[in-house]
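Asker: Dumping the structure here so I can ask a few things about it.
Numbering (my numbering), first residue to last: 15 to 435.
Next comes the structure, spelled out in structure tokens:
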């Protein structure tokens, strides 16, 4: 992520102040007004495809001249289909029921009073994202729906695209009467570094970094306000000795179908030592036919010289491409220990016909979610349920797993007395 560093530049503080003031009004706005704003954002984007795609073309041309990696170019490139998906997500968000002020019974009750709780907005959320210009609109939609102001800081590679999208959604919320400052954009022209934004803890209530691990770790190191880490790639699969070859093949291929960001892509496969060599050859040939690059540990490379050796450091890092590394293990216990040591910790899988193994795996793997004979493929707009997801978090604390509407809320406890004292 390319950023300039001028730590004394006041724009991040000004944006944070405006967003904070707007959040005080947005937090008490009616749910119907917040929904109208999100729907207006969807309509605005739908009318502005040509302008956004033109801005995106400028970003792509400049990035190619700067020799930006192909991975980032894939994340950066907008298409009519990607924009249509963004519009569909915003439309769905606008139609969902209001997530705020739902009454929940408190787990405790004080004497001579009644206690209950509400879901309330967090306040101001900073979203720092690498390429993915469409995610700025989706994150803004999630924040407006939950009564939060948002400060967008994208990478310089996507500066024109981010500005075009921000202009559309800012005009949309203004048209429906929401306060200015609900959506702030910090551009490259402001000359602000990531640190300038993430130290505004007087105004920011949460920062969400989205991109490669290096970006996430940079934000975690520099932030003085709470950070919700997102995770991408380096998901593990354990193939039990009684697991189905076809299930393994399908899960690996399907997990990589989430585009443009392979959030839950299976990149490492642990194989029980008793697996049949013929099954391995069939699986690898199928994956190669699908465009995958196959790697293996030293033991597998010795037995199958056609494999490329996976270096030691690769087991703990994400490829974020159609690359899968395989490793032999002696048991489920060894597989669980390996996953807990090296996995990104947000989505790990097992293929087995044993209920006992599936339970041991689900309880033993220290990840936000585990998948048993099921593809971990990520979808922002799943066809089932009433949820829209921004990404996945692998941290313990504020929220873990899917980053949803409820993730962007907090709990307020209310104690109603009966007049006695």
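Where is the CB? At the ideal position from N, CA and C, for every residue including glycine.
Please report the Cβ distance between residue 223 and residue 244, rounded to the nearest whole angstrom; I am assuming they are in contact, meaning their Cβ atoms lie under 8 Å.
Answerer: Taking the first residue of the chain shown as position 1, residue 223 is located at position 209. Taking the first residue of the chain shown as position 1, residue 244 is located at position 230. Contact check for residue 223 and residue 244: beta-carbon distance about 6 Å, within the 8 Å limit, so the pair qualifies.
Asker: For residue 306, which of helix, strand or coil comes out of DSSP?
Answerer: Start at 1 with the first residue of the chain shown, and residue 306 comes out as number 292. Residue state, collapsed to three classes: coil.
Asker: What separation, rounded to the nearest whole angstrom, lies between the Cα atoms of residue 170 and residue 201?
Answerer: As a first step, residue 170 must be located in the chain shown, where it is residue number 156. As a first step, residue 201 must be located in the chain shown, where it is residue number 187. If I take the Cα positions, the gap works out to 8 Å.
Asker: Let me make sure I understand the geometry here. Which of 26, 406, 327 has the alpha-carbon closest to that of residue 214?
Answerer: Position 200 of the chain shown, counted from the start, is the residue given in the question as residue 214. It is 26.
Asker: My assumption, with CB atoms under 8 Å, is that residue 278 sits in contact with residue 396. Please give the rounded CB distance.
Answerer: Taking the chain shown and counting its residues from 1, one reaches residue 278 at position 264. Taking the chain shown and counting its residues from 1, one reaches residue 396 at position 382. In fact, because the Cβ distance is near 12 Å, the residues do not count as touching under 8 Å.
Asker: Taking only the alpha-carbon atoms, compute the straight-line gap between residue 149 and residue 392 and give it to the nearest angstrom.
Answerer: For the purposes of this step, residue 149 is taken as residue 135 along the chain shown, with counting starting at 1. For the purposes of this step, residue 392 is taken as residue 378 along the chain shown, with counting starting at 1. If I take the Cα positions, the gap works out to 15 Å.
Asker: Cutting at 6 Å between CB atoms, please list the residues of its own chain near residue 181, excluding the five before and the five after it.
Answerer: One-based indexing of the chain shown puts residue 181 at position 167. Closer than 6 Å at Cβ, skipping near neighbours: no residue.
Asker: Determine the contact status of residue 193 and residue 36, defining contact as a CB-CB distance below 8 Å.
Answerer: Position 179 of the chain shown holds residue 193. Position 22 of the chain shown holds residue 36. For residue 193 and residue 36, yes; Cβs fall inside 8 Å.
Asker: What's the C-alpha gap between residue 106 and residue 52?
Answerer: Walking along the chain shown from the start, residue 106 turns up at place 92. Walking along the chain shown from the start, residue 52 turns up at place 38. Going by the C-alpha atoms only, they are around 9 Å apart.
Asker: Less than 8 Å between the beta carbons of residue 418 and residue 407, yes or no?
Answerer: Your numbering for residue 418 matches position 404 in the chain shown. Your numbering for residue 407 matches position 393 in the chain shown. Their beta carbons are not under 8 Å apart, which means residue 418 does not touch residue 407 by this criterion.
Asker: What distance in whole Å lies between the Cβ atoms of residue 162 and residue 168, which are believed to be in contact at a cut-off of 8 Å?
Answerer: Counting from one through the chain shown, the residue named residue 168 turns up at place 154. Counting from one through the chain shown, the residue named residue 162 turns up at place 148. Not really, about 18 Å apart at Cβ, beyond 8 Å.
Asker: Mark residue 83 as exposed unless 16 or more other C-beta atoms lie within 10 angstroms of its C-beta, in which case mark it buried.
Answerer: Sequence index remark: in the chain shown, residue 83 carries index 69 (1-based). Residue 83 is exposed by the Cβ-count criterion.
Asker: For residue 339, which beta-bridge partners are listed by DSSP?
Answerer: By 1-based counting over the chain shown, the position of residue 339 is 325. Paired residue(s): 282, 309.
Asker: Going residue by residue through the stretch 351–389, where are the continuous alpha helix (DSSP H) segments of at least 4 residues, counting only ones entirely within it?
Answerer: The qualifying runs are 369–378.
Asker: Let me confirm a value: residue 246 is counted as buried when at least 16 other C-beta atoms fall within 10 Å, else exposed. Which label applies?
Answerer: Counting from one through the chain shown, the residue named residue 246 turns up at place 232. Around the beta carbon of residue 246, 16 or more other beta carbons sit within 10 angstroms, so the residue counts as buried.
Asker: Confirm, please, whether the CB-CB distance from residue 338 to residue 318 is below 8 Å.
Answerer: Residue 318 sits at position 304 when you count from the first residue of the chain shown. Residue 338 sits at position 324 when you count from the first residue of the chain shown. It is not a contact, given that the beta carbons lie outside the stated cut-off.
Asker: Between the alpha carbons of residue 323 and residue 144, how many angstroms are there, rounded?
Answerer: Indexing the chain shown from 1 puts residue 323 at position 309. Indexing the chain shown from 1 puts residue 144 at position 130. Going by the C-alpha atoms only, they are around 30 Å apart.
Asker: Beta-carbon separation of residue 366 and residue 269 under 8 Å?
Answerer: Within the chain shown, numbered from 1, the residue matching residue 366 stands at position 352. Within the chain shown, numbered from 1, the residue matching residue 269 stands at position 255. No, the Cβ-Cβ distance between residue 366 and residue 269 is not below 8 Å.
Asker: Which of the three DSSP states, helix, strand or coil, is assigned to residue 213?
Answerer: What you label residue 213 is simply residue 199 of the chain shown in a count that begins at 1. If DSSP states are grouped into helix, strand and coil, residue 213 belongs with coil.
Asker: Do three or more CB pairs link the stretch 346–355 to the stretch 224–244 at distances below 8 Å?
Answerer: Counting Cβ pairs under 8 Å, fewer than three are found: no touch.
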